[in-house]
Amino acid sequence: MNITILNETKSKIVKTKIKNQISIFADLYNREVDSLSISYIGDENMIKLNNDYLNHEGSTDIITFDYSEEESNIIDGELIICVDQAKRQARDYKVLLENELTRLLYHGLLHLEGFNDSTNEEREVMREKENQLLALWYGDK
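Residue numbers (our numbering): 84 to 224.
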């Protein structure tokens with residue numbers, strides 16, 4: 084399992100915890116992690132990436148790049164998570180930043196699994212999958 088975690092922010096990111104969260108996902112979806120890069124960045128960099136790669140203005144919570152071959156059980160990709168946006172969402176949803184960052188990690192992994200969130204229906208399915216993964220990580224609290 085080749086996982087690279089880069090934190091460009093002042094927020095505390097616990098790499099061992101993230102790797103354990105990824106293991107839960109990989110076990111549940113019967114996937115093997117070949118190469119996964121996770122970057123935690125701020126608004127300034129995310130605004131630029133969001134514009135350059137997705138032609139969207141402003142910041143976003145996560146951008147996912149999937150490099151794996153179709154129909155493969157191998158995870159090969161990149162997740163870029165905006166900690167500033169995660170902080171705003173955590174405040175809005177009244178959850179801890181750690182919980183929101185975990186949700187975003189699972190959200191990105193679900194994209195690598197092939198799930199999309201373009202429609203309301205797809206967003207509902209992804210939210211259910213995120214909640215399932217969060218329950219496995221945090222327990223049914």
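The C-beta atom is built at its ideal place from N, Cα and C for all residues, glycine as well. In this text the structure is predicted, and so the values were computed from the model without any measurement.
Checklist entry - Distance, Cα to Cα, ILE130 vs HIS194? => result Straight-line Cα distance between these residues: approximately 20 angstroms.
Next on the checklist: What would DSSP say about VAL116, mapped onto helix, strand or coil?
Outcome noted: DSSP places VAL116 in strand when its eight states are reduced to three.
Next on the checklist: Can you list, in chain order, the residues of its chain with a C-beta nearer than 8 angstroms to that of GLY141? Leave out the 5 residues immediately preceding and following it.
Outcome noted: The answer, listed in chain order, is ILE130 and ASN133.
Item to check | Alpha-carbon to alpha-carbon, ASN113 and ILE157 | outcome: Answer to the nearest angstrom: the Cα atoms are 9 angstroms apart.
Item to check | Residue from GLN104, ILE86, THR99 and THR92 with nearest C-alpha to THR185 | outcome: Of GLN104, ILE86, THR99 and THR92, the residue nearest in Cα terms is GLN104.
Checklist entry - What residues match up with TYR123 in a beta bridge as DSSP calls it? => result DSSP, once it has assigned bridges, lists ASN90 and ILE164 as partnering TYR123.
Next on the checklist: Between GLU154 and the ligand ATP, is there a pair consisting of the residue's CB and a ligand heavy atom that are separated by less than 7 angstroms?
Outcome noted: Here there are no bound small molecules, and the ligand ATP is not part of this structure.
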